[in-house]
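Note sheet for the following structure.
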Ligand code: DX5
Ligand code: ZN
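Structure below.
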């Protein structure tokens, strides 16, 4: 089943409660929350206090994308602050810390995923693939919204889907960056079933129509 996860990075932060309510009413399945530390990516966004407020303001499933260095230091705090799914980057930590961070999220009873930057090969997931609820394939360089979709990530998406199938695993496969009604069918065909969309949802006046347009564009693959 196709899921749409609007990224609040493209919302009006001064009206976050109503912005979130608007997309949930408009048919969003999850809310995507981008956490940036100014080190792992060259931008700073939001952190724990904002997530805590969001958790109080909505019952929606919170898909929290950590773009931070050495995420193990913070996974417990983000679970406690209300994440339902926590994803962090395979490039951001040493292997033993990734293993431990995954275990910590699971112990907290939350879902866990690993993220691949565009230049990171799919094979980097292999040591952890059987422990993951979700794999997130970036389709832009992380750090900023409203960038151009990288079509050269489609083969990697297909490979992740094939690796999971071969191992008899069924993780959700999420894509993030440059997703629009034009690019959505490309990623859905390649195996993605969770679409993050920032500007393509929050950037439009009618969010319900924007979400419906993404879904309709993928109707052949959902
Ligand atoms: C980029 C973030 C994305 C971003 C997507 O680093 O991880 O979630 O908000 O924005 P759009 O959909 O506008 O490309
Ligand atoms: Zn993101």
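In my numbering, the protein residues as written are 115 to 336.
Cβ atoms here follow ideal geometry from the backbone N, Cα and C, with glycine treated the same way.
Look at the stretch 130-204 and you find these whole runs of beta strand (DSSP E), each 3 residues long or longer: 144-150, 175-181 and 199-203.
CA-CA distance, residue 151 to residue 183, rounds to 7 Å. Secondary structure of residue 273 (DSSP, three-state): helix. The beta-carbon separation of residue 162 and residue 192, rounded to 7 Å, stays under the 8 Å limit for a contact. Residue environment for residue 133: buried (at least 16 other C-beta atoms within 10 angstroms of its C-beta). Apart from sequence neighbours up to five positions away, the residues of its chain that approach residue 141 with a beta-carbon distance below 8 Å are 118, 322, 325, 326 and 329, ordered along the chain. Taking a 10 Å sphere around the C-beta of residue 320, we find fewer than 16 other C-beta atoms and assign the residue as exposed. At least one heavy atom of the ligand DX5 sits closer than 6 Å to the Cβ of residue 121. Membership of residue 255 in any beta strand (DSSP E) is not indicated, and neither H nor E is assigned to it by DSSP. In the three-state reduction of the DSSP assignment, residue 266 falls in the helix class, which pools H, G and I.
Contact between residue 176 and residue 147 holds, since their C-beta atoms are separated by about 6 Å, short of 8 Å. Looking at the backbone, the Cα of residue 190 and that of residue 203 are separated by about 16 Å. Between residue 305 and residue 263 a beta carbon distance of about 16 Å is seen, past the 8 Å cut, so the two are scored as non-contacting. Here DSSP, grouped into helix, strand and coil, assigns residue 299 to helix.
Judged by beta-carbon spacing, residue 285 lies beyond the 7 Å limit of residue 332, meaning their Cβ atoms are not closer than that value.
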